[in-house]
Structures are given as C-alpha cells and as structure tokens.
Amino acid sequence: MFSLPIDTLKTDFLNLLSAHHMIVEAETGSGKSTRLPLWAAEQGKVLVIEPRRIACTSLAQFLAEQKNEPLGRSVGYSIKLENRCDEETQIVFVTPGVALRWYSENQLNDFNTIIVDEFHERRWDTDLLVALLNQHNQQRLVITSATIEGEKLARYVGAERLQAKGRNFEVAIAHRAGDSRQLPDSRNLEQKVRAEVESLLDLDGDILVFLPGRKEITQCQSALAHIEELIVAPLHASVTDKQREIALNQQEKQKVVLATNVAETSLTIPNVVAVVDSGLERRTEQRNGKTTLSLKHISKASARQRGGRAGRVMDGICIRLYGEHAALADVTPPELHRETLTEAMLASASCGHPLSELSFLEPLPEKSFVQATNILRGMGAIDESGLATAHGQRIYPLPIDALYADLVTRMPQRKLQEAMVDLTAVLATPASLYRLSSNEEALEQLDKEEPLGCDAEIAIKVVRGDVLSGVTIDQDVLKEAQALCQQMRAVFELPELSVASRYSHDELVEAIASLHPELLFVRRERRREALGNGQMEVTLGRASRLPDNIEAALVLDTHSLPGRGVKQTLTLATVTMPVRLSLFEKLEIGDWVEGDVVCVDDVPHIELHMMYAGRKVASKKAQAQGEFAIKPLLEAVKREELLPGFAKQRHQQIEHWKLYQSLDKSSGSPIQESLTFDSWFTEQLEILELTDVSELAMFSADDFPFEGIPYWEYEDFAAMYPFELYIGDLQLSVEYQPMKKLVYVVYKSGLRKGDPKRWELPRWAGWRVQYKKASRIIDIR
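Here our numbering is used: the first residue of the sequence shown is 283, the next is one more, and so on.
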C-alpha cells in the first residue's frame, strides 16, 4: 500500500486507541480519512461520520477497492435513501443525521470506535453527536480535523492529541477584482470562470473551481462546453457514480473539476495545480423554524483551505474572484451559533437527553435556545422536561426538517397528507426540481394549466409525473425527490405515488396555515414585491408565480443571497401558495383592533380591524355593547356630546400632573408618562361598568375626579405653567421640557407680526424660553 503522511502516526494511534479518546490534526490530503478507519478496525467495529453523502460513498468505495472486496462486505456506508452495509460490516461510513438516528435507537452500541471526520466544519449535527458521545462515554471517540483548536477540543472530550503534516507546495495567490475591497459576487460568474479557465489551459495539471452550488456548476459546464481539449467534471452531492469517478481520478486529458465546498476538505482530488475560487458557498440556516440554503461569502479560513488544494502535488496558483482586502469573516461560525436550535433540540430530546443537560464546546446562545423550546413545545414535540413526546419521537426519524415532519404528521385528511408528503419531498431536496421557461407563450399556457399561480401546486404535479408547459424538469432531482416521496408514503402507509389522490388546494392551504400560522405572509402595501409575517421579511423570487392581485401567501421555502455588506442578506421566497385574506378571519390569525365609531340605523357600532404584520387583513362592525361599548362613550365625551368641557379639563389636569411629577414636587411618586385622558377615563368607565350612553348621562363631571395635584395647589400651579397663552390676537401653545429646563412657546394663530416679548409671558424663573414658528426657533430674552 502506498505511503501517506498520516502513516507516521500509526503506532501511536493504535497504542492510544485502547485507552484514550483522540484528536487527530492533519491537513487535507494526509490520508486521515482512509487510514484511521482501517487502523481502528483492528480493535473492533468502526463507525465513520462524514459531513457529506458524497464523502461517505467515495471513501467507502475507495477502501473496499483497496481491500479488493465488494462494497458492503467489510466496508460500507449508509446515507439518506441508500444503504450498503449490514450487521457484519466492520467499517461503516455515515452522515451525521444517520448517526444521530442510530444513536437514538441503541446509543451506537454496535460499534467500538466512533470516528468523527472533518469536525472543523462545525455542523450542528456533528457538534451534537460529539456532545452526546462525550456524555455517554461508552465508545472510543476519535475526532479528526484539518483546522481546529486542538488543545481546546482535547480538553473538552478528555483526549490525547496526534498531529501529522500534509504535503504542501507553494501556492501563488491572485485576485480578480476592480476594487481590493470587492466582496465575492455571483453575477456573471460563469463568464468569469470561463475567462480564468481559458487562461490556465497551458498548465501541466488539472483545475479545481469552487462554486456555491449545483445551479452555478451547471451554468459553468455550459460556458466551458466549447473547449474540446478539456474534460469538465461536476462534483457535488448528487453526481452519478460515473461523474464522481471522473472528478476524483486523473484522466488522460486535462480536467477542470467544478465543485462545491465538498472539495474543500472532505475529498482529495489528484493532480490539481490551479484553483479558481468564487468566494461563495451555500450554507444551511434555520429561518422561521425550517432549514434554508443561503448563498454566503466564505470565511478567510475557508479561503485558505481552498487555496491550499492547488499545492498538493507541485507549486500551484489560486485565483480568487474577489478583492484582496474583501471584508470576509475570519472563520465560519458553528451552525449551532448561526441557526435556530430546533433540529438540534428535537434530536437531543429523541436521543434521551434534554439539550440543556449537554455540554458543548461553546455555550449555546440563550435566545436561540428559548426560541427552539417555544417552537417544539408549540408542536407538542417535547415536554416540560425537554424530552421528546410521542409526537416528537414520531417526527424525529423522518428524513426531513421538524417543521415539515410536523405538517405531514398532523394533516387532517389522508389526501392532504399525501399532498404534503409529495410537496415536502421536493422542499427537502436541496437542488431545484424545475425551472420556468422565459418564453411568454409557454408561460401563458402554464397559467391555463395551473391558474392559481401556486409554486407548491407545480411542485406536487411535477413529482407526481405530470407534464406542464414551460416547465423544464431536472431529472436527477426528480428521481431523488420521488425516492424520498415513496419512502415517506411507505412510512405513513399511503398509496403509491402513481395512484396519488386528488386534493383541494384551499383545504391544503387552510390545513398548513392552521398548524403553522407563522408561514403566512402578507404583501407590503408600498413595496409589492416584499412580504412580511411580523418577524421576517421576504422578497418574491424572479421565478415566483404569485399573482399581483394576491395580498397574502404561505411561504414554504426561502433562499438567502448576500447583500453588499458582510452582514446583509436578501431572503427570497422561492415556494409560495396564494392565500385569500378571508382565511385570516376564518382562522382568527391576527389581532383585532378598534377603529372608528359609526352609526348603523342610529345604533352606535365600533369598527374592528384584524391586523397581521402591520396589514389590515379583515374588517367588521360590532354593535357598541359590552366590551365594545367603551370606545363610543369615550368618543362621545371627547366630542362634548356628553359631559361638555370635561375631556379638555381632565386632559389639562393630567398633563399638569405629569409636569408636576417631573418637577419633583410629588414626594418621589413614579412619573406616569404613558397616562392620557383616554387611558384614564377608559379605566373609570370600566370600574363603574358603564356600557350605555343613557347610563353615562346620569353622571356629572364631579363624579369623575382626577386625583393628581392637591386641589389647594392646583390653581397656582396651573397659572404658573399654562399650556395655552393669548397675547392680543396671538394664540400660543406651551411645551415644557423639565430635564432641560426649557420652555417652547409655539405659534398657533394670529395676525401679529412681531415675536412675543419676555415680559408678556409667565415668569418661568430659571427656565430658558424659546419661540417656535414653523421651522424658525429663537430665544426670548
């Protein structure tokens, strides 16, 4: 077997493994992902946890070939929708999600050694798994990383450290940007990549291009298709076995590998001498209780990792498509610190441990913890102690986010459950299932075939095999979505996809909205392309078919794009369902607020408006009785139809009382800044339980005294601090700012041209006095 840099650690590794956990620090390309599992297998069964599916399948295939065995005998893997191992397999590669589900079943007791590879990526599920294994402490734990604070991690799990160096050559760094501070940008990315690849064709070696996702890889494939002497090889989570083999092995002709960040550390690609770095990646984030893929700028640490891939076999070059001084973050924050904790909390609870009882490398954010607790208790997925309920145990094993699992499980009818399963299968597949044509005639025909303008409706029809005009389907994504769909239909004992039941669009919308009203968004009145739900705002994506005359929608999936600054993001709504505003009133989603008092057939009524996310979504009139009778009485008094002069008098007394307090004349009583005539008189009416005009007509102003300034002081205080002044025909209002000892005398009306004189005003000893007329402010001396 050929030699690798990690081989120098074999003796120490085997000596330590029987009695110690280990932290193995080794650069990408050192051989840690292929050698350590074989060494550990000498002491029992090994579970290897890789951050990505493609790493699991590739590494398992490679080791099986090295052992000259069929895949699945002594080396195998298990990933979502695919299993190539059995009880006799000695080395099993799995993703963190699979490992967590196996832990929830038997604490991984079938394995002697657990190897957590590429820990530096700091995925939430990897961090959680290490926390669980650290507390369980029944298997030998080996954590590997290319870039990690080894000493800190060793203290955390009580481990020994081993370090090995990789093979590194010099890598020249070049930046392609008009401004040294220019951030990575996805615009015209395929043209930029084509230009750089064409400039590197004379090199004696292959080219690796880092792109954020499958969409950009496909675009760049098309842009490079004209170069006949070049093999263009995509590399992402969903490539075929043949595509993966081409990407990971040296070919007869020069090759360019178009890869996501799977090639950053998880896989070693031979013969690479040049790297083109877009500076972009797609990262999973939790938004509004569900997983969202966001387009983000990479960190400086990731940029170093990407550049280093050009220096594995000889001196190389890394071309960065952004400025040398671009404001990138130093490191990518751990997912547990940049996402909500909903998935982690449910996983932990289902594994028998409240999340609050686990110890992590860094403390969990309190705000995110509280938010996740509220979400999962709202679903009924965890109990007061933080452990999973029966419902939580049911939704956790499903290979989808907790939000979607909750929706699927609680659909009120089986036909709606079928539709939700099919829709969820599309939403849970990272890549786009379809794209819309730019041909107007095709889109017009699509509007006839699917007139609702519903993205979810199209997704369900496509996954069920319907052919729609103007819709181009990605067959690989469709295959993955249909496989997930069939798997979940089997779990819920639903009919086969080929005989899917018909369903009502309105019933599905109502069911989703009633279970998760936070998914309801309303349009902004002025910015029609923007929608909000009171907590976040989204913008309709260019491919959205939501009709212009629809004021509300369910937003079932979003995608985030980087803004101009480091922390700015634009969240696009990518899958929507149109919603009638009447649904808000039907489901009582929103807050009723009182409006104007109106008369209907001479009977007082109060206008009520249902508000949601700052928008009026429903209105109705209620007779002014009971709880709705207070406002008509209040308005009648303010209009002086009842108790004439009372409202103005009490308003002045209240304002004088607040001023009196602020001048510290009330023996330390708290200042009631929020007190108004409306709030005070409403309280009086409620105390007396007055709900009818005829009842209030029996009372006089003296029956509603305001307990403020002592009556023996009030007359002098009011004369000293008036709120209105009349100087000839000049009418003035007076505003007081006690903290600044400042009085504003404000012009209201009058023909007098000259400013008021100081001697014409109250004494106001020790106060500064200013006169305001329109935008003009002068001191009165």
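Backbone N, C-alpha and C define an ideal beta-carbon position, used for all residues, glycine too.
Could you tell me the distance, in whole angstroms, from the CA atom of residue i to the CA atom of residue j?
i, j, result
"R296", "T856", "Note on identity: in this sequence residue 296 is Leu, with Arg being the wrong assignment. Going from the Cα of L296 to the Cα of T856 covers about 51 Å."
"V848", "A541", "Model confidence at V848 stands at a pLDDT of 48, short of 50, so the residue's coordinates are unreliable; what they give is reported in the following sentence. Taking the straight line joining both Cα atoms gives about 24 Å."
"K292", "L435", "21 Å"
"A519", "R496", "9 Å"
"S245", "H302", "In this structure the chain extends from 283 to 1063, so residue 245 is not present and cannot be described."
"E347", "N391", "28 Å"
"K697", "E739", "14 Å"
"G571", "T550", "In this prediction, G571 scores a pLDDT of 49, lower than 50, which makes its location untrustworthy; no coordinate-derived value is stated."
"G634", "E442", "28 Å"
"A929", "T964", "12 Å"
"H579", "A782", "42 Å"
"V759", "G354", "26 Å"
"L838", "S504", "31 Å"
"M859", "V791", "7 Å"
"H418", "I832", "53 Å"
"V879", "K903", "9 Å"
"E876", "P799", "23 Å"
"S285", "K327", "24 Å"
"A446", "L298", "15 Å"
"Q372", "P466", "44 Å"
"R1058", "Y1018", "18 Å"
Since residue i and residue j should fall inside the 8 Å C-beta cutoff, what is the C-beta to C-beta distance between them, to a whole number of angstroms?
i, j, result
"W1049", "L1024", "7 Å"
"V439", "I455", "In fact, because the Cβ distance is near 35 Å, the residues do not count as touching under 8 Å."
"V539", "L490", "5 Å"
"F803", "G598", "Their Cβ separation, rounded to whole angstroms, is 48 Å, which puts F803 and G598 out of contact at 8 Å."
"F999", "V1016", "Wrong, their Cβ atoms sit about 14 Å apart, outside the cutoff."
"L779", "Q764", "6 Å"
"S1104", "L689", "Only positions 283 to 1063 of the chain appear in this structure, which leaves residue 1104 out of reach."
"S901", "H891", "5 Å"
Over what stretch of residues does the beta strand (DSSP E) that includes residue i continue unbroken?
i, result
"L540", "536 to 541"
"L718", "716 to 718"
"C600", "598 to 602"
"L465", "Looking at the DSSP string, L465 is not in any beta strand (DSSP E), and its letter there is neither H nor E."
"H303", "303 to 308"
"E1042", "Premise fails: E1042 is in no beta strand (DSSP E) and is neither H nor E."
"A670", "Neither: A670 is in no beta strand (DSSP E) and is coded neither H nor E."
Nearest by alpha-carbon distance to residue i: which of the options is it?
i, options, result
"A895", "E889, W874, P914", "W874"
"A592", "A608, T547, L623", "T547"
"L925", "I953, A983, E955", "A983"
"E433", "I305, L689, S641", "I305"
"A611", "R602, R588, E510, S581", "S581"
"R1034", "Q1019, I1009, P1020, R827", "I1009"
"T316", "K362, I288, W1041", "I288"
"E403", "I396, L414, A428", "A428"
"R808", "A515, R897, Q1052", "R897"
"E625", "A724, R862, G379", "G379"
"Q768", "Y785, E700, S826", "E700"
"E819", "A825, P829, R827, A835", "A835"
"S719", "Q464, Q727, P712", "Q727"
"L643", "V652, M661, H619", "H619"
"L345", "I331, V374, S956", "V374"
"S714", "D729, I331, A825, G735", "A825"
"M693", "V753, F774, E732", "F774"
"A477", "A670, V744, I509", "I509"
"L444", "L517, P552, D294, L530", "D294"
"V703", "Y785, A670, Q653", "Y785"
For residue i, report the span of its alpha helix (DSSP H) as first-last.
i, result
"A459", "No alpha helix (DSSP H) holds A459; DSSP gives it neither H nor E."
"R335", "335 to 348"
"N391", "Where N391 is concerned, there is no enclosing alpha helix (DSSP H), given that its DSSP letter is neither H nor E."
"P914", "912 to 920"
"S624", "Per the sequence shown, the amino acid found at residue 624 is Thr instead of Ser. Looking at the DSSP string, the run of the alpha helix (DSSP H) that includes T624 is 624 to 632."
"E369", "E369 -> no alpha helix (DSSP H), and no H or E assigned at all."
"T293", "292 to 299"
"F866", "864 to 869"
"K730", "722 to 731"
Touching by the beta-carbon criterion (3+ pairs, under 8 Å), the segment 470 to 478 and the segment 605 to 621: no
Given 8 Å, three or more beta-carbon pairs between the segment 589 to 606 and the segment 460 to 467: yes
contact_flag[the segment 972 to 981, the segment 989 to 1000] where n(CB pairs < 8 Å) is 3 or more: no
Three CB pairs or more closer than 8 Å across the segment 314 to 332 and the segment 392 to 402: yes
Touching by the beta-carbon criterion (3+ pairs, under 8 Å), the segment 659 to 670 and the segment 679 to 688: With a cut-off of 8 Å on Cβ pairs, the segment 659 to 670 is in contact with the segment 679 to 688, counting three or more such pairs.
Sufficient close CB pairs (3 or more, under 8 Å) joining the segment 406 to 413 to the segment 355 to 362: no
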